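*Asks:* Position in the sequence shown (first residue = 1) + 193 = the numbering used here.
Let me give you the structure first, and then I'll get to my questions.
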Amino acid sequence: MDNLIGRLSAELAEKEAEIPETLLQKINRNIAPPKRLTAEMVHVRAMYIVSDHVNSFGGCFPVEEHEKLTALLIDSPVLVGHRKDSLPIARNFHAERTVRDNANWIKVYFYWLKDAAGSEEIQKNIDGGIYKECSISFIFGFPECSICGNDMRDCRHQPFSEYESGGVKKVAHFNYRKIERVLETSLVYRGSVANTLLTNELAFTKAAAGSSENVPGNMLPPLQKVWDIGRIPSEDKYLVLPAYESLKAHMHKKRDTLSVTFPDGSPIVAGPLYQYFSQLKLPVSDFAVEVSIIGYRGKERQSAADVARYLGGVRSSVRHLEIKIYDIMEGAGDKVAAENGTNRRGRLERLFSHSAGLLAPATVVNSSALSQVVDKVATRYGAEIYSATGVPRYLFTHRRSARFMIAASERFSRGFRYRLVGVFQGQSLPVKNIICSAHRLAIGDICEIETAGVNLYGDSLELKHPRITATTGVGSEPDELRLIASESEHSCSYTVVALPGKKTIIDFRQGEGPLLVFPCSPQEVRLGGLHLTEILDNGSPSVPQLHHRGKILSRQRCGEGYRLALEGFLKGNFFFRPVRIKGMRKFLFYCRKEERRGDIRYEV
């Protein structure tokens with residue numbers, strides 16, 4: 194069984210599909226054809242090629258191997274019947290993880306040229322249901338027994354045979370481990386996995402653990418994490434709610450039956466939670482709401498991981514639970530998740546009018562006053578911000594942290610080395626950094642990363658000074674990083690220009706900051722100290738005669754001011770804040786420097 198080759202299958206749906214621009218970009222970037230391809234030049238289809246269910250050979254791709262497999266599938270050829278004596282008919286250019294029919298799947302996208310010989314025949318036979326199944330050829334090194342965890346070539350267990358393990362009877366199978374390479378995928382007459390599917394549904398899914406391809410109409414949009422209020426789009430009004438470190442869950446009441454699930458639909462079965470619910474005065478009518486499950490020890494809120502351990506019956510610091518209701522998906526038979534924030538809040542308040550204490554308090558605010566209200570409402574964890582006139586939702590936090598998924602791990606003398614995956618605009622992107630930590634985490638776990646910044650480089654992410662601070666507990670997913678990541682080096686840079694008469698202009702506008710003028714030379718600004726400066730109109734034209742350039746590692750809005758972490762000509766943590774001098778409004782610009790003297794730390 195050395196270097197086993199496995200073959201899996203998928204099925205087809207029927208209808209012509211429009212090709213999203215994002216997929217065309219993937220073709221041209223991942224395959225890099227000699228001539229840039231357009232929608233008029235290619236056919237695109239997708240196949241559900243791998244699931245985490247046991248196939249007819251007795252093998253299984255466990256979900257923790259899916260992330261690696263998605264990367265290996267890219268740029269592999271598509272053949273017919275695994276015939277390697279003929280050339281490919283198509284090529285795989287993108288793969289992603291999704292959930293379908295209560296199984297974790299890998300969905301791989303492939304394309305072929307419209308003007309190639311036999312192109313229309315392939316397209317018609319696929320869309321007409323004649324070519325229905327497909328399979329994968331791959332190389333792996335270790336068939337892990339599901340009973341004992343040993344190499345199944347050496348242990349006594351056989352696939353599909355039943356054994357007793359820990360007092361429970363289990364049917365044996367083997368897991369594909371140490372996957373080395375995907376050789377190809379093929380159109381075949383019969384595959385080996387039940388409920389597979391080949392589809393021309395080409396929309397991207399949220400590529401993260403526990404995500405679902407077709408989000409039901411009663412699902413709320415995910416919270417987008419944001420570190421800077423200035424990155425939230427200007428709306429007429431917002432709803433601001435305090436955020437608590439907690440487990441997010443959905444509470445459903447239907448025909449007098451109460452159930453609780455994680456946002457991905459997996460059930461939460463915990464005696465302490467249902468005991469708490471039995472004491473609540475809930476509405477008579479049916480509903481589905483989003484809640485935060487908060488764990489306490491005394492009056493102190495505990496971490497999400499501690500809450501998860503408590504619900505799982507594992508020793509935890511949590512002593513009692515509380516829930517707060519944040520949003521609504523269904524009420525009295527109506528699906529309302531697609532309604533605007535004002536309407537959803539109104540439905541919540543009417544539905545829970547007799548138990549208003551369960552609702553997280555909400556403050557309605559104009560976008561111009563959003564920053565001030567958030568400062569008042571936010572807990573140490575942050576604030577949830579919902580559009581009052583639309584459906585977007587945000588999680589604002591001062592903590593420069595985000596959730597990532599463990600994609601690979603390796604043990605070394607002082608702990609573990611990890612490779613991570615983040616989510617940017619719904620796509621799963623690898624993190625360049627290798628993170629070292631004493632935390633022991635499994636592939637597929639979600640961890641909290643503290644970082645000075647997130648930069649986007651093509652199809653990967655780079656973190657500034659990252660470290661793992663915690664695991665986030667069951668039911669968590671990676672954060673959407675669109676409002677955190679800087680998309681290019683140019684977009685987070687600043688320029689310094691010397692003007693006649695010992696004046697200096699510093700232009701932070703490329704990092705969405707201010708345009709400042711100083712009554713001193715650039716070198717004097719660079720030396721530090723306190724500088725009074727004036728802010729120029731952001732509509733001012735670009736300043737000429739570039740003298741110096743640097744990078745903005747991070748930018749945080751503080752009321753009308755900023756906190757900037759800079760490198761280059763100016764290096765360190767800089768603050769820009771409004772002051773009044775003799776009734777005149779000015780701005781103070783200064784650098785915070787840190788010194789160590791013995792064991793005492795001073796900030797100057």
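Positions of the beta carbon are idealized from the N, C-alpha and C atoms, including for glycine.
Note that the coordinates shown come from a computational prediction; the quantities given were computed from them, not determined experimentally.
List, from N- to C-terminal side, the beta strand (DSSP E) runs of 3 residues or more that fit wholly inside the stretch 552-588.
*Replies:* 556-559 and 576-580
*Asks:* Straight-line CA distance for I242 to I745?
*Replies:* 43 Å
*Asks:* Is the number of C-beta pairs between the stretch 464-483 and the stretch 421-438 that are closer than 8 Å three or more?
*Replies:* no
*Asks:* Along the chain, which unbroken stretches of the beta strand (DSSP E) at least 3 residues long are found entirely within the stretch 264-334?
*Replies:* Residue ranges of uninterrupted beta strand (DSSP E) with 3 or more members, entirely inside the stretch 264-334 and ordered along the chain, are 270-273, 283-293 and 296-306.
*Asks:* According to DSSP, is M777 part of a helix, a strand, or is it coil?
*Replies:* strand
*Asks:* Can you tell me the Cα-Cα spacing of D308 and M234, whole angstroms?
*Replies:* So the two alpha carbons sit approximately 7 Å from each other.
*Asks:* G743 bridges to which residues according to DSSP?
*Replies:* For G743, which the question treats as bridged, DSSP gives the partners Y687 and G761.
*Asks:* From T572, I486, S602 and S478, pick the residue whose C-alpha is nearest to that of D527; which is it?
*Replies:* S478
*Asks:* Please confirm whether E394 and Y574 have their CB atoms less than 8 Å apart.
*Replies:* no
*Asks:* Compute the Euclidean distance between the alpha carbons of R424 and T392, then round it to the nearest angstrom.
*Replies:* Roughly 37 Å between the two C-alpha positions.
*Asks:* Which residues mark the beginning and the end of the beta strand (DSSP E) in which P435 is found?
*Replies:* K430 to P435
*Asks:* Work out the CA separation of S510 and Y587 for me, nearest whole Å.
*Replies:* 29 Å
*Asks:* Going by beta carbon distance, what residues of the same chain come within less than 8 Å of R675, once the five residues before and after it are set aside?
*Replies:* Q417, F617 and Q618
*Asks:* Mapping the DSSP letters down to three states, classify F470 as helix, strand or coil.
*Replies:* helix
*Asks:* Could you give the DSSP three-state label for H366: helix, strand or coil?
*Replies:* coil
*Asks:* Taking just the CA atoms, how far does T697 sit from C713?
*Replies:* Taking the CA atoms as reference points, C713 sits about 6 Å from T697.
*Asks:* May I have the straight-line CA-CA distance separating R494 from K446, to the nearest angstrom?
*Replies:* 27 Å
*Asks:* Hey, quick one: how far does the alpha helix (DSSP H) through P715 stretch, first residue to last?
*Replies:* P715 to R719
*Asks:* Where do the N-terminal and C-terminal ends of the beta strand (DSSP E) with G488 fall, by residue?
*Replies:* G488: member of the beta strand (DSSP E) spanning F480 to R490, first to last residue.
*Asks:* In this structure, what does DSSP give as the bridge partners for P771?
*Replies:* Partner(s): F780.
*Asks:* With 16 other CB atoms within 10 Å as the buried threshold, where does K569 fall?
*Replies:* exposed
*Asks:* Just to confirm, are S496 and N533 a CB contact at a threshold of 8 Å?
*Replies:* no
*Asks:* With DSSP run on the structure shown, which of helix, strand or coil describes H809?
*Replies:* There is simply no residue 809 to check, as the chain begins at 194 and stops at 797 in what is shown.
*Asks:* Nearest to G721 by alpha carbon, out of A691, L781 and Q749?
*Replies:* That would be L781, whose Cα lies nearest to the Cα of G721.
*Asks:* Give the secondary structure of G646 by DSSP, where H, G and I count as helix, E and B as strand, and everything else as coil.
*Replies:* strand
*Asks:* Is it true that the CB of S594 sits closer than 8 Å to the CB of I642?
*Replies:* Yes.
*Asks:* Consult DSSP for G423 and reduce its assignment to one of helix, strand or coil.
*Replies:* Three-state result, G423: helix.
*Asks:* What does DSSP give as the partner residues of L390 in its beta bridges?
*Replies:* Y241
*Asks:* Identify whether V256 lies in helix, strand or coil by the three-state DSSP scheme.
*Replies:* helix
*Asks:* Reducing DSSP to helix, strand and coil, say where I677 ends up.
*Replies:* I677 carries a coil assignment under DSSP once its states are collapsed to helix, strand and coil.
*Asks:* Would you decide whether M522 is buried or exposed? Buried here means 16 or more other CB atoms lie within 10 Å of its CB.
*Replies:* buried
*Asks:* Report, in whole angstroms, the separation of the C-beta atoms of G608 and C640, which I expect to be a contact under 8 Å.
*Replies:* That belief does not hold up - the Cβ atoms of G608 and C640 are roughly 13 Å apart, past 8 Å.
*Asks:* Starting from E532, follow its DSSP beta bridges and name the residues at the other end.
*Replies:* Answer by DSSP bridge pairing: none, since E532 is not bridged.
*Asks:* Just list the residues that DSSP pairs V616 with in beta bridges.
*Replies:* S621 and E673
*Asks:* What's the C-alpha gap between F605 and N626?
*Replies:* 16 Å
*Asks:* Roughly how many angstroms separate the alpha carbons of P255 and K261, rounded to a whole number?
*Replies:* Between the C-alpha atoms of P255 and K261 there is a straight-line separation of about 11 Å.
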